[in-house]
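In the UniProt record's numbering, the protein residues as written are 1 to 615.
All C-beta atoms in this analysis are idealised placements derived from N, C-alpha and C, irrespective of residue type, glycine included.
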């Protein structure tokens, strides 16, 4: 590295994030200390892990630790660690860019509303950049463990768009972050305030955090340990308060909000492990990004191994945060070994069941579960197809809007079974492109008339989901808009010998599989029905979005012969006007399904001519 000071520009996303963060998090600015201590803790974890293979990295035999130093005269607060440290490349990459996927999407979601943005920024994980909430200048000095004292590096910035990097000599390995505090942030030069913040947010950090008090006169510096420095998950549950559990969640998740629920469990015997699992209240912005980091923090014999061990939970539970400590795993365990290692598969099965039990219990609190479902409902639906072993347990977690409670996504399959008449032997559902399209679908008319509840499914993943869920507790799930509808002896056999059926079938032959009379309609003239083996519009769009061809299929047009429109059509003579009215009948049935006719211009022309004649 050149000895000269080099100036670099921040990545554009960093500059924007800094500006938004400083203004959005101003009212909650003590969070900076939690974030910087968390980073220091991560650096110590990484050093301890690397030292398993390279003991010499623990210089002078010093155990990893974190120190805080106040300099009232200089107006600085320093957060230092003797962890893994950084070289020039690390400093530029870690402090000048945001490598997380989806950053642009995240920034686009920021609204300018300080309260909402504070929550979003929190889930993004502000990390190092939180320093600029309280500091108008930040200096970082670091040296990577295992390198010479001449390999030190200094990074400095005022957060306004640029930063400088230069080589220095640094005796200590690890990193020191020096905050030159703003005048309105001088409260953080008060040792009582520092004790208070560390006690609130960071008592659970597993490395000692010391507050170094400056010497006065001939006195020596004093170092006071501020935290208990024990692994929280290894402590007995009865000794841990709810506040401690919530603060630990915020430490590992970088979330500002409390978790909805958690489960702390120790398993002993042949398969030994301790787990602490949390259900968040808010989905991360990158929940659907395949390359996003996710998984549990893995420890072996209390030694940190990795941040994102994905092998302990299935993909559809990727939102779960937490820690697993498995002392019987080898310390040199790799991601590849985790994938195929027998004990890991057993732990995965046990943890999956535990999370499903947590969610089932959360379902007893309607308000909390509504929050959970609004954030993670679509992800849970993935489990229906991905986890056949636990399919019924996953299905019990599903919540739907229904024809009995339109606009409220709160009905479970168990509630449906409990509410249905004893003689009803099916669960009816309806797929639609939107909640309003489902609520207003003509397919519901006969069900409403007969007082039969129908579940309304409008999420993009729903058609895929129900293709795997053909029954629940031995009760078949039936699509109300597919095939012949059989609601028992009350459903009269429709008259398909009516001449109008043949006339409409002839005119619409290129667009529909068939035209038939129906008894499923009460107020509407017509509706579209798919055959049992045909793709619906949701699955078709999913395939097309994935670049896969979707087979063409024609719907069946079912018509209500008792409707005045059909009776008028029956009296109309053959000709262009009849052809246009038949086409409009099909077009309006498509619109009622939330679909656009293939030739909207032709539909608009027919409507225009119809309006002209009417006026």
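Candidates the options: which alpha carbon is nearest residue i's?
i: residue 463; options: 439, 17, 434, 473; result: 434
i: residue 523; options: 442, 454, 543; result: 442
i: residue 610; options: 57, 42, 580; result: 580
i: residue 487; options: 376, 455, 143, 447; result: 447
i: residue 134; options: 144, 86, 75, 166; result: 75
i: residue 312; options: 289, 409, 338; result: 338
i: residue 201; options: 214, 223, 36, 56; result: 36
i: residue 395; options: 436, 404, 473, 43; result: 473
i: residue 540; options: 460, 591, 71; result: 460
i: residue 186; options: 96, 127, 77; result: 77
i: residue 138; options: 162, 144, 508; result: 162
i: residue 401; options: 155, 39, 439, 308; result: 439
i: residue 533; options: 552, 256, 96, 520; result: 552
i: residue 497; options: 518, 484, 295, 507; result: 518
i: residue 132; options: 323, 28, 165, 557; result: 28
i: residue 266; options: 213, 323, 292; result: 323
i: residue 620; options: 140, 310, 268; result: No answer is possible for residue 620: the residues shown for the chain start at 1 and end at 615.
i: residue 57; options: 239, 12, 144, 80; result: 144
i: residue 415; options: 458, 363, 294, 390; result: 363
i: residue 577; options: 598, 606, 258, 601; result: 606
i: residue 294; options: 252, 331, 256; result: 252
i: residue 151; options: 170, 165, 603, 157; result: 170
i: residue 512; options: 457, 531, 600; result: 531
How long is the line joining the alpha carbons of residue i and residue j, rounded to whole angstroms?
i: residue 346; j: residue 136; result: 51 Å
i: residue 314; j: residue 387; result: 8 Å
i: residue 250; j: residue 336; result: 29 Å
i: residue 425; j: residue 535; result: 25 Å
i: residue 571; j: residue 612; result: 21 Å
i: residue 475; j: residue 427; result: 7 Å
i: residue 445; j: residue 422; result: 21 Å
i: residue 491; j: residue 555; result: For residue 491, the pLDDT reaches just 48, beneath the cut-off of 50, and the residue's location in the model is therefore unreliable, leaving the point undetermined.
i: residue 560; j: residue 504; result: 13 Å
i: residue 282; j: residue 316; result: 16 Å
i: residue 128; j: residue 285; result: 19 Å
i: residue 221; j: residue 197; result: 22 Å
i: residue 223; j: residue 14; result: 35 Å
i: residue 101; j: residue 30; result: In this prediction, residue 101 has a pLDDT of 47, which is less than 50 and means its spatial position is unreliable; nothing more can be read from the coordinates.
i: residue 71; j: residue 393; result: 57 Å
i: residue 245; j: residue 484; result: 55 Å
i: residue 146; j: residue 55; result: 10 Å
i: residue 210; j: residue 66; result: 6 Å
i: residue 16; j: residue 369; result: 35 Å
i: residue 63; j: residue 155; result: 25 Å
i: residue 398; j: residue 548; result: 29 Å
i: residue 12; j: residue 95; result: 13 Å
i: residue 507; j: residue 582; result: 7 Å
So, at 7 Å on beta carbons, what are the nonlocal neighbours of residue i in its own chain, with the 5 sequence-adjacent residues on each side left out?
i: residue 595; result: 537
i: residue 305; result: 49, 298, 299, 333
i: residue 237; result: 264
i: residue 287; result: 319, 379
i: residue 18; result: 129, 132, 159
Go through its chain and collect everything with a Cβ distance to residue i's Cβ below 6 Å, but skip five positions before and after it.
i: residue 565; result: 525
i: residue 419; result: none
i: residue 301; result: 327
i: residue 296; result: 309, 312, 322, 324
i: residue 7; result: 162, 164
For the ligand ZN, any of its heavy atoms closer than 6 Å to the Cβ of residue i?
i: residue 133; result: For the ligand ZN, the structure offers nothing, since it holds no ligand at all.
Give me, in chain order, the residues of the same chain whose beta-carbon lies closer than 8 Å to that of residue i; leave out the 5 immediate sequence neighbours on both sides.
i: residue 404; result: 411, 419, 453
i: residue 228; result: 203, 204
i: residue 407; result: 401, 435, 439
i: residue 341; result: 329, 333
Could you check whether the stretch 199-217 touches the stretch 175-183, counting it as contact only if at least three pairs of C-beta atoms, one from each stretch, sit closer than 8 Å? The stretch 199-217, when compared against the stretch 175-183, does not touch it at the 8 Å Cβ threshold.
For the stretch 464-482 and the stretch 577-587, state whether three or more C-beta atom pairs, one from each stretch, are separated by less than 8 Å. As far as the Cβ criterion goes, the stretch 464-482 does not touch the stretch 577-587, which means the pair count is below three.
Which ranges does the beta strand (DSSP E) cover as unbroken runs of at least 3 residues, wholly within the stretch 138-166, from first to last along the chain? 152-157, all fully within the stretch 138-166.
Check whether the stretch 261-274 touches the stretch 358-365, taking contact to mean three or more Cβ pairs, one atom from each stretch, closer than 8 Å. Touching, yes.
For the stretch 270-285 against the stretch 221-234, are there 3 or more C-beta pairs whose distance is under 8 Å? Contact between the stretch 270-285 and the stretch 221-234 is established, with three or more Cβ pairs separated by less than 8 Å.
Which runs of the beta strand (DSSP E) fall wholly inside the stretch 501-525 and span at least 3 residues, in chain order? Taken in chain order, the unbroken stretches of beta strand (DSSP E) that lie wholly in the stretch 501-525 and span 3 residues or more are 514-517.
Per the contact definition of three or more C-beta pairs closer than 8 Å, is the stretch 80-100 in contact with the stretch 161-181? Contact check between the stretch 161-181 and the stretch 80-100: three or more CB pairs, one atom from each, fall below 8 Å, which counts as touching.
Check whether the stretch 43-60 and the stretch 185-192 touch, using three or more Cβ-Cβ pairs below 8 Å as the test. Contact fails: fewer than three Cβ-Cβ distances are below 8 Å.
3 or more residues per run - each beta strand (DSSP E) lying fully within the stretch 405-446: The qualifying runs are 426-431.
Ordered list of alpha helix (DSSP H) runs contained in the stretch 306-385, each at least 4 residues: Complete alpha helix (DSSP H) runs here, min 4: 335-340, 342-362.
Starting from the N-terminal side, write out each stretch of the beta strand (DSSP E) that is 3 residues or longer and does not extend beyond the stretch 214-256. Entirely contained in the stretch 214-256, the beta strand (DSSP E) runs reaching 3 residues are, in chain order, 222-225.
Threshold first: 3 residues or longer. Then list the beta strand (DSSP E) segments lying entirely within the stretch 15-101, N to C. Counting whole runs of 3 or more residues, the stretch 15-101 contains the beta strand (DSSP E) stretches 66-71, 76-81.
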